[in-house]
Structure formats: structure tokens, C-alpha cells
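See below for the structure under consideration.
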């Protein structure tokens, strides 16, 4: 049985050398024989059809949360149900809306009582191909991640998991559904597992880029082909945005926030490691044209603005990612500069930024390529017609 909504998939990371390897791609014909073709993943009582460009080997499924059709359906219903929040107004879909490619068009999302969150809501598309979740990676799985917004006072604002479980268990339809799927009473672990199972079906692939890589030379126009060449070469995008999911699944400091009054310390808040100050996870570029605004704080409204940041080399700060600064500038030197001040004859960190120096046309071509990463697999997912009573 095929699950009753469209599904696609893809991989997480490749090495930084991918940019060099893919340069060969333009020297001859497309290496279609090595590109992932459509695949089928078979589960207990349904199948996921994976489109071009996605690799089932990277689909992460915890051994204690096997997929089933009924579990996915339960998770889908829970995902869209605002009764999981304290005042019955906010669901998972409030901040991860199908109309916004499962992201949020706001700079930061609004939770219970219209409270503003601290970061931009990333898309949930293709999270099946990543283990660490959130911009700072503080959750090690989707199951772990899903428990936190439920009790975050600025998001869904339930006072505790225990009260949420009681609220859900008091709904007869949910109580019997959980018994059928898990053979147990409602509990927070199984609630998270159900939603995670659904989210693993929210995927995107088979974009025009994938068609091009699979051998269709007409899938991209000339500007988009130039943009792809820039992406893998001069613009250095593929150093971090690589692999079928266009992310290295690592954390980088680009300087976003460092020119403002309040700086978000990013992954450092979770690890306490100096090298993680201001670092955030590389997001997937799949569906990037449909998931504005951009960056962890939603500071850029357009792809053009985002490319401008990279073209300038980022925003100088003592913890700027090594990929964004020149090799002769170490973290220790950057810290010394900011702590003690510039010494005579020493170049400032601002002069050490690695600027791309892309022309206006090259920037336009790069944006044109990024728009080819919109694919298929999630567009028909919609809220259920009704919720359990």
C-alpha cells in the first residue's frame, strides 16, 4: 500500500571536497549513472516512493520507532491539532505550515498569546535525513526535538508533559487510537514518536536540479547552469551546502547578529564550547525559494539579500567560521584583536574576510540556480478533515 500522500527523500552530507569533485561534472557529460534514481522504501504496511536525488541509505529511522501507516496518520493528526497547546490555538503546523513549505513566513513565529519566538522556524522538510535538530542541534532526534516546543512557554506553552498527556488522553478518539498503534495508554514518548513518524514522510526531491543531474540537459536554462557552476566553484556554496540534502549537517558562524545589539550565541548555549559561539546549523537548500525569510533569525527577506551577505564574506567577529576567513587568521588571533585592540600594522578582521566578489550577473545566476531546488513530495499534505473527539 502506498501512503496516501506524496513522499520523497534525500541525503545529508558529503565532504568539503565535493565542490572540487563536482567541477568534473561540467567537464563532460552528467554522471547520470551515479545519481540516485527513484527508490521505494517498504515498511510494515505501506511504501514510501523516493524520487530522484534522494538516497534511502540516509533515511534515519530509530530502531524503537518503526513506521506504520496508522502511526503516520496519528502523527499527522497530532501535528495539525491546536489542542496540543495550552489555549488550543497553536499546533505544530502553526509554525511549520504546508502553505510555507512547512516553515513560517514570519521572521520569528508567534506562539500562545502571540508571543514572539527567538529564532526563525526552519522547514521540517527532509528532517528524516538528519539526526540533530534545532538551529543549535540540541536535540539528538526528531523524537527528542518534538517534546520541547510543547512545553516552551513562548510556543505551545503546556505547563508540563504530564498535563499534556492527560489532556490528550481525555479525548476518547485519541485514547483508542494510541491503544491501537502502541498497545499502551497515551504517553509523551509515543506522542512524540507518532509526530516524528509523520514528519519523516514530509520530504522533497525530484527538483529540476535532480532532473538535470540525472541527464536531462534541458532541465536548467543557461542562467541556472551558470549558477550551478558558481555554486560548486567560485561562490564556494558547496563547501557547506553539499550532498543530496545540500547541507553538511555542521555548525558555522557567519557573523549574522554580530552587527546588532543582541547576539545569539547559537550552539554555544548547548555545548559550552568556545568554537561554537555564534554557530548555527547549515540548513537544507531544498525548497529554499519557498521558505523565506532566511538565516536563524529570519533577518533576510529574499535570496538576493542572503547572497549579498555571502558575497561580502559575512560579518566580522572573533568567532567567524574558518571557511569565512583567511587561513592566516586563527581563532586565537581574532580573539586577541577584539580583546586587546588592533596593534600597529596588524590588519583588522574586517580585511581578512574572504569576499566572493561576484558580479551582479553572477549573483543573479546563483539565485536562479537556487530556485531550481524546489521539488515534489510534500505539496499535497494537508490537515485532516476532522480531529478525534
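In my numbering, the protein residues as written are 343 to 731.
Beta carbons: idealized from backbone N, C-alpha and C, even for Gly.
1) What separation, rounded to the nearest whole angstrom, lies between the Cα atoms of residue 472 and residue 483?
2) Would you mind working out which of 400, 406, 478, 449 sits nearest residue 539, comparing C-alpha positions?
3) If distances are taken between C-alpha atoms only, which option among 392, 702, 618 comes closest to residue 480?
4) Which residue spans inside the stretch 572 to 641 form an unbroken beta strand (DSSP E) run of at least 3?
5) DSSP three-state label for residue 500, please.
6) Between the Cα of residue 554 and the Cα atoms of 428, 726, 714, which residue gives the shortest distance?
7) Measuring only the C-alpha atoms, how far is residue 611 from residue 459?
8) Closest by CA to residue 499, which one among 453, 549, 650?
9) Quick one, which of 700, 638, 621, 640 has its alpha-carbon nearest residue 654's?
10) Taking the Cβ atom as the reference point for each residue, do residue 632 and residue 443 lie within a distance shorter than 8 Å?
11) In its own chain, which residues sit with a C-beta less than 8 Å from the C-beta of residue 697, not counting the 5 before and 5 after it?
12) Give every residue of the same chain whose Cβ lies closer than 8 Å to the Cβ of residue 403, excluding the five residues on either side of it in the sequence, and list them in chain order.
13) Just to confirm my understanding: we take residue 534, look at its own chain, exclude 5 residues before and 5 after, and list those with CB closer than 7 Å. What are they?
14) Work out the CA separation of residue 451 and residue 729 for me, nearest whole Å.
15) Run through DSSP, which three-state label would residue 667 get?
16) Could you spell out the range, first to last residue, of the alpha helix (DSSP H) harbouring residue 381?
17) So the candidates are 709, 440, 601; which of them puts its Cα closest to the Cα of residue 657?
18) Inspect the beta-carbon positions of residue 467 and residue 518 and report whether they are closer than 8 Å.
19) Which whole-angstrom value describes the C-beta separation of residue 537 and residue 420, a residue pair presumed to lie in contact below a C-beta threshold of 8 Å?
20) Using the Cβ count rule (16 or more neighbours within 10 Å means buried), how would you classify residue 622?
21) Determine the extent of the beta strand (DSSP E) in which residue 391 is found, giving its start and end residues.
22) Measuring alpha carbon to alpha carbon, tell me which of 399, 560, 665, 718 ends up nearest residue 592.
23) Please report the distance separating the alpha-carbon of residue 424 from that of residue 630.
24) Taking the alpha helix (DSSP H) that residue 340 falls in, what are its first and last residues?
25) Check each candidate in 396, 705, 525 and name the one with the smallest Cα separation from residue 585.
26) In the structure shown, what three-state DSSP assignment does residue 718 receive?
27) Considering only residues of the same chain and omitting the five flanking positions on each side of residue 726, which have a CB-CB separation below 6 Å?
28) Bridge partners for residue 481 per DSSP, in chain order?
29) Identify the residues that DSSP records as bridge partners of residue 439: which are they?
30) Is it the case that the Cβ atoms of residue 596 and residue 663 are separated by a distance below 8 Å?
31) Give me the Cα-Cα distance between residue 693 and residue 556, rounded to the nearest whole angstrom.
32) Which ranges does the alpha helix (DSSP H) cover as unbroken runs of at least 4 residues, wholly within the stretch 499 to 552, from first to last along the chain?
33) Is residue 565 helix, strand or coil when you go by DSSP?
34) I believe residue 426 touches residue 492 by the beta-carbon criterion, under 8 Å. Please report the beta-carbon distance rounded to the nearest angstrom.
35) Can you tell which of 550, 648, 637, 559 has its C-alpha closest to the C-alpha of residue 624?
On the basis of the supplied data:
1) One-based indexing of the chain shown puts residue 472 at position 130. One-based indexing of the chain shown puts residue 483 at position 141. When only Cα atoms are considered, residue 472 and residue 483 end up about 8 Å apart.
2) If you number the chain shown from 1, residue 539 lands on position 197. Measuring from the Cα of residue 539, the nearest candidate turns out to be 406.
3) Locating residue 480 in the chain shown gives position 138, counting from the first residue. Distances from the CA of residue 480 to each of 392, 702, 618 were compared; the closest alpha carbon is that of 618.
4) none
5) What you label residue 500 is simply residue 158 of the chain shown in a count that begins at 1. DSSP places residue 500 in coil when its eight states are reduced to three.
6) Position 212 of the chain shown, counting from 1, holds the residue named residue 554. Measuring from the Cα of residue 554, the nearest candidate turns out to be 714.
7) Here residue 611 refers to the residue found at position 269 of the chain shown. Here residue 459 refers to the residue found at position 117 of the chain shown. For residue 611 and residue 459, the distance between alpha carbons rounds to 16 Å.
8) The residue you call residue 499 lines up with position 157 of the chain shown. Answer by Cα proximity: 453.
9) The sequence position of residue 654 within the chain shown is 312, counting from 1. Cα-wise, what sits closest to residue 654 is 700.
10) In the chain shown, residue 632 corresponds to position 290, counting from 1. In the chain shown, residue 443 corresponds to position 101, counting from 1. Going by C-beta atoms, residue 632 is nearer than 8 Å to residue 443.
11) Within the chain shown, residue 697 is the residue found at index 355, counting from 1. Within the same chain, residue 697 has close Cβ partners 653, 654, 655.
12) Here residue 403 refers to the residue found at position 61 of the chain shown. Excluding sequence neighbours, residue 403 sits near 409, 470, 542.
13) The sequence position of residue 534 within the chain shown is 192, counting from 1. Correct list, in chain order: 485, 488, 489.
14) Here residue 729 is taken as the residue at index 387 of the chain shown, counted from 1. Here residue 451 is taken as the residue at index 109 of the chain shown, counted from 1. Each residue's alpha carbon lies about 24 Å from the other.
15) Indexing the chain shown from 1 puts residue 667 at position 325. In the structure shown, the three-state DSSP call for residue 667 is strand.
16) On the chain shown, residue 381 is found 39 positions in, with the first residue counted as 1. Note, residue 381: premise wrong, no alpha helix (DSSP H); beta strand (DSSP E) at 381 to 384.
17) On the chain shown, position 315 is the one that residue 657 refers to. Per the Cα distances, 601.
18) Your numbering for residue 467 matches position 125 in the chain shown. Your numbering for residue 518 matches position 176 in the chain shown. Not in contact: residue 467 and residue 518 (Cβ atoms no closer than 8 Å).
19) Along the chain shown, read from residue 1 onward, the residue named residue 537 stands at position 195. Along the chain shown, read from residue 1 onward, the residue named residue 420 stands at position 78. Correct: roughly 5 Å between the Cβ atoms.
20) Position 280 of the chain shown holds residue 622. With 16 or more Cβ atoms within 10 Å of its Cβ, residue 622 is classed as buried.
21) Here residue 391 corresponds to residue number 49 of the chain shown, with the count starting at 1. 389 to 392 is the span of the beta strand (DSSP E), which, as asked, contains residue 391.
22) What you label residue 592 is simply residue 250 of the chain shown in a count that begins at 1. Of the candidates 399, 560, 665, 718, 665 places its Cα closest to the Cα of residue 592.
23) Mapped onto the chain shown, residue 424 falls at position 82. Mapped onto the chain shown, residue 630 falls at position 288. The straight-line gap from Cα to Cα measures roughly 27 Å.
24) The question about residue 340 has no answer here: the residues shown for the chain are numbered 343 through 731.
25) Counted from its first residue, the chain shown places residue 585 at position 243. Per the Cα distances, 396.
26) On the chain shown, position 376 is the one that residue 718 refers to. Note: residue 718 maps to strand in three-state DSSP.
27) The sequence position of residue 726 within the chain shown is 384, counting from 1. Closer than 6 Å at the Cβ level, and outside the excluded window around residue 726, lie 419.
28) Here residue 481 corresponds to residue number 139 of the chain shown, with the count starting at 1. For residue 481, which the question treats as bridged, DSSP gives the partners 475.
29) Working through the chain shown from its first residue, we reach residue 439 at position 97. DSSP output for residue 439 lists 445 as bridge partner(s).
30) Here residue 596 refers to the residue found at position 254 of the chain shown. Here residue 663 refers to the residue found at position 321 of the chain shown. Taking 8 Å as the Cβ cut-off, residue 596 and residue 663 qualify as a contacting pair.
31) The residue you call residue 693 lines up with position 351 of the chain shown. The residue you call residue 556 lines up with position 214 of the chain shown. Because residue 693 carries a pLDDT of 49, less than 50, the predicted location of this residue cannot be relied on, and the following value inherits that uncertainty. Each residue's Cα considered, the two are about 41 Å apart.
32) 503 to 511, 514 to 524, 530 to 541
33) Your numbering for residue 565 matches position 223 in the chain shown. It is helical.
34) For the purposes of this step, residue 426 is taken as the residue at position 84 of the chain shown. For the purposes of this step, residue 492 is taken as the residue at position 150 of the chain shown. That belief holds up - the Cβ atoms of residue 426 and residue 492 are roughly 6 Å apart, short of 8 Å.
35) Residue 624 sits at position 282 when you count from the first residue of the chain shown. Checking every option, the nearest Cα to that of residue 624 belongs to 637.
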